[in-house]
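Structure first, commentary second.
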Amino acid sequence: MNAQQMTLGRLLAVLAAGVLFGFGLALSTMVQPEVVLSFLRFTDFGLMLVMGGAVVVTLVAYKLLPRWLRQPLLGDRFHTHVAHLNRDTVVGAALFGVGWGLCGVCPGPAIAGLGTGNWSLLWALGGIALGALVQGLRAR
Amino acid sequence: METTLNLFPLGWQHYLLGGVFIGAGVALLFVFTGLVGGMSSVFSSTWSYVVQRPYFQQARYIDSRLWRLVYAAGLVLGALLWWLALGDGTPGSTSVPVWQLVAGGFLVGYGARLGNGCTSGHGICGLGSLQWPSLVAVLTFMATAFITANLVARWLP
Chain E
1 MNAQQMTLGR LLAVLAAGVL FGFGLALSTM VQPEVVLSFL RFTDFGLMLV MGGAVVVTLV
61 AYKLLPRWLR QPLLGDRFHT HVAHLNRDTV VGAALFGVGW GLCGVCPGPA IAGLGTGNWS
121 LLWALGGIAL GALVQGLRAR
Chain C
1001 METTLNLFPL GWQHYLLGGV FIGAGVALLF VFTGLVGGMS SVFSSTWSYV VQRPYFQQAR
1061 YIDSRLWRLV YAAGLVLGAL LWWLALGDGT PGSTSVPVWQ LVAGGFLVGY GARLGNGCTS
1121 GHGICGLGSL QWPSLVAVLT FMATAFITAN LVARWLP
């Protein structure tokens, strides 16, 4: 599949995007479970600013880039990820929230946090990987 | 009278700036490759390397597994750069007990994959593309996370 082919240039762009994302997660202290939990316990509303800032930048990029460019600089087309509203989405989100509230770690920070030397996050990372495995094994 | 509600006891600038960096990462991925990058998919797509079950062998995982791993490597590298440049020299740590990390992580992984997205997939990419199913997902996981975190704070030391 030509469209999916990953050239070195595209992979470097993906890596750079991940670097910005990970830097932002560390700068915003979202890699610290305690900070996430303090948001969920209403003592520090910082997470709203993190999410708000990220959503606004993403919104502008998703809206404007496809108007300015016919195609991505190193790709064939602008993708869209369509979300569907069904039972799985709601049940999955509800379970995700219970887990998130229990440990204060979600997928991005579980990965990025390793870059700050927080090896305890490997426990969460292992849990997430196992959860994803079981979900896939149970899926039809 | 100390009635002022302090929403941001640790300051607010680093939160907003961090969020802008996260958005810039998502935007950079989009402008160069056209890809939409949430974070939870990497946990399913990477299993496709070793698990032969049809679910994991779907094209959407096989075709994306390489770039998703590179994206994840970038995440670690970006946080490492922050730690080297702006960190206080001590490694990160957490006082959240191991069982909570493992059990919570399991539900996070299972739920995010069942619901097709997490805080970045539904929260940032989904809301960023104005998809109302993602808004429902975000409101749902925020609600159950608030409840769980507060119950845990009350019942567990």
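Chains E and C, in that order, give the protein sequences.
Under my numbering, the residues of the first sequence are numbered 1 to 140, in order.
Under my numbering, the residues of the second sequence are numbered 1001 to 1157, in order.
Cβ atoms here follow ideal geometry from the backbone N, Cα and C, with glycine treated the same way.
Query: Interface partners of R41 (chain E) on chain C, CB under 7 Å; Result: A1149, N1150, A1153
Query: Euclidean distance between Cα positions of T7 (chain E) and F1106 (chain C); Result: 34 Å
Query: Per-residue contacts from L74 (chain E) into chain C (C-beta, under 7 Å); Result: F1032, T1033
Query: Secondary structure of F1008 (chain C), DSSP reduced to three states; Result: coil
Query: Contact under 8 Å by Cβ, R1112 (chain C) with F96 (chain E); Result: It should be noted that the sequence gives Ala, not Arg, for residue 1112 (chain C). Contact: yes.
Query: Validate contact between the segment 1077 to 1089 of chain C and the segment 86 to 104 of chain E using beta carbons, cut 8 Å, 3 pairs; Result: no
Query: Spatially closest choice to V31 (chain E) from E:M48, E:G115, E:W123, by CA coordinates; Result: E:G115
Query: Proximal chain E residues relative to Q1100 (chain C), where beta-carbon distance stays under 7 Å; Result: L102, C103
Query: M1142 (chain C) versus T43 (chain E): straight-line alpha-carbon distance, rounded; Result: 15 Å
Query: Cβ-based neighbour list, L1069 (chain C), same chain, cut-off 7 Å, excluding 5 preceding and 5 following; Result: V1042, T1046
Query: Same chain, Cβ closer than 6 Å to L37 (chain E), neighbours up to 5 away in sequence not counted; Result: G104
Query: Y1049 (chain C) - DSSP class collapsed to helix/strand/coil; Result: helix
Query: Cα-Cα separation between L64 (chain E) and V1031 (chain C), rounded to whole angstroms; Result: 10 Å
Query: Where the alpha helix (DSSP H) through H1014 (chain C) begins and ends; Result: 1013 to 1033
Query: CB contact check: R67 (chain E) to chain C, cutoff 8 Å; Result: no
Query: Euclidean distance between Cα positions of V1152 (chain C) and R70 (chain E); Result: 50 Å
Query: Beta-carbon spacing of A54 (chain E), A1137 (chain C) below 8 Å; Result: no
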